[in-house]
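Reading through the structure tokens given below for one structure.
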Amino acid sequence: QPLDNVIESFTDRLNVRLLRQPDNHGPGAARNAGADAAHGDFLAFVDDDCRPDPLWLHELAKAIASRGTAAERTLFGGRIINAIDADPYARTSQLLMDMLYQHHNTPPEKARFFASMNMAVPRLVFSELGGFERRFSWVSEDRELCDRWRFNGLPLYYAADALVYHAHHSGLREHFKQHFSYGKGAYYYHHLRAERGSGTLAEETTFHRNWRLWRDNLREYAGTHGDVLRVVLLLGLTHIANAAGYFSQVFAYKLNLNAQQRQ
Numbered sequence: 001q002p003l004d005n006v007i008e009s010f011t012d013r014l015n016v017r018l019l020r021q022p023d024n025h026g027p028g029a030a031r032n033a034g035a036d037a038a039h040g041d042f043l044a045f046v047d048d049d050c051r052p053d054p055l056w057l058h059e060l061a062k063a064i065a066s067r068g069t070a071a072e073r074t075l076f077g078g079r080i081i082n083a084i085d086a087d088p089y090a091r092t093s094q095l096l097m098d099m100l101y102q103h104h105n106t107p108p109e110k111a112r113f114f115a116s117m118n119m120a121v122p123r124l125v126f127s128e129l130g131g132f133e134r135r136f137s138w139v140s141e142d143r144e145l146c147d148r149w150r151f152n153g154l155p156l157y158y159a160a161d162a163l164v165y166h167a168h169h170s171g172l173r174e175h176f177k178q179h180f181s182y183g184k185g186a187y188y189y190h191h192l193r194a195e196r197g198s199g200t201l202a203e204e205t206t207f208h209r210n211w212r213l214w215r216d217n218l219r220e221y222a223g224t225h226g227d228v229l230r231v232v233l234l235l236g237l238t239h240i241a242n243a244a245g246y247f248s249q250v251f252a253y254k255l256n257l258n259a260q261q262r263q
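Letter by letter, the sequence shown follows residues 1 to 263 in the working numbering.
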């Protein structure tokens, strides 16, 4: 269905409009375009393959109100739930997301990372920090924003009752391609972190070395699903794809550097 028709069906209930960009400059640039056109005190972000819970904005508003004046400088993130449990690739990505959120966002007032498919920010601070990094043609623009937010001494808060249901259908090839792109984005994310001195690559490995987190989540998964071995193999493939994407950019950078030196 054409997007114009979808938007038109909501105009009698919502103040909504469709923004188009002449070129695709990545998800960060697209979200910035939406932010530039918005007028509210807070901006809420969601992806096109997500279905927000009917109380999503209500729960975000409750979390914002609970933080008092601190909310004016706080980045908020909600919980992401897999909407297609029959898809093993979606279940694998959800398991990984659950572990990332447990590792980075406990306790909620000391959160460190949110995916931009369920995020809310104070518009003025978001604008002052420059919004999402425009140079990211691949994903990781949300990781970079969260890191930059914290580097500037600003807090993050996990609003676990603000729910968004994620429906990303994929097969083996699409799953590998998606996480390969995550790896490519991770290279530029760590490059920017090194530039501003906000952290090191070694610090990021604490998640992968948190064996209790992996053990407990895999045990819980095994109690509700019968394909734990398949998911373990897919988790391994996910990490291989991520590493391949990362090192593809390392090699591309070195090739470009060598070409410049020969000129």
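Virtual Cβ for every residue (Gly too), placed ideally from N, Cα, C.
- DSSP places Ala162 in the strand class (E or B) of the three-state scheme.
- Between Gly197 and Glu133, the C-beta spacing is not below 8 angstroms.
- Collapsing the DSSP output to three states places Met97 in a helix.
- Excluding its 5 nearest sequence neighbours in each direction, Asp53 has C-beta neighbours in its own chain below 6 angstroms: Leu163, listed in chain order.
- Gly236 and His166 have their C-alpha atoms some 22 angstroms from each other.
- Cβ-Cβ distances below 8 angstroms link Ile81 to Gln94, Leu163, Val164, Tyr165, His166 in the same chain, with the five nearest sequence neighbours on each side left out; the list follows chain order.
- Under the three-state reduction of DSSP, Arg79 is assigned to strand.
- Less than 8 angstroms divides the Cβ of Leu43 from the Cβ of Phe126.
- Shown here, Leu172 sits in a helix according to DSSP, grouped into three states.
- By the CB criterion at 8 angstroms, Pro122 and Ala160 fall outside the cutoff.
- Looking at the DSSP output, Met119 bridges to Phe45, Gly77.
- Closest in alpha carbon position to Pro88, among Leu255, Leu233, Val250, Arg262, is Leu233.
- Residue burial is scored here from C-beta neighbours: Ala241 has at least 16 other C-beta atoms within 10 angstroms and is therefore classed as buried.
- The three-state secondary structure of Leu18, taken from DSSP, is coil.
- Nearest to Cys146 by C-alpha distance, out of Lys110, His169, Glu174, is Lys110.
- For the pair Arg67 and Arg209, the Cα-to-Cα distance works out to about 32 angstroms.
- Between Leu192 and the set Arg143, His179, Gln21, the nearest pair of CA atoms involves Arg143.
- Classified as exposed, His169 has fewer than 16 neighbouring CB atoms from the shown chains inside 10 Å of its CB.
- Going by beta carbons, His103 and Phe207 fall inside the 8 angstroms limit.
- Under the three-state reduction of DSSP output, Pro155 falls in the coil class, being neither helix nor strand.
- Remark: C-beta atoms of Phe45 and Ala63 do not approach each other more closely than 8 angstroms.
- For Pro52, the secondary structure class from DSSP, reduced to helix, strand or coil, is strand.
- For Arg150, same chain residues with a beta-carbon under 8 angstroms away, outside a window of 5 residues either side, are Arg112, Leu156, Ser198 in chain order.
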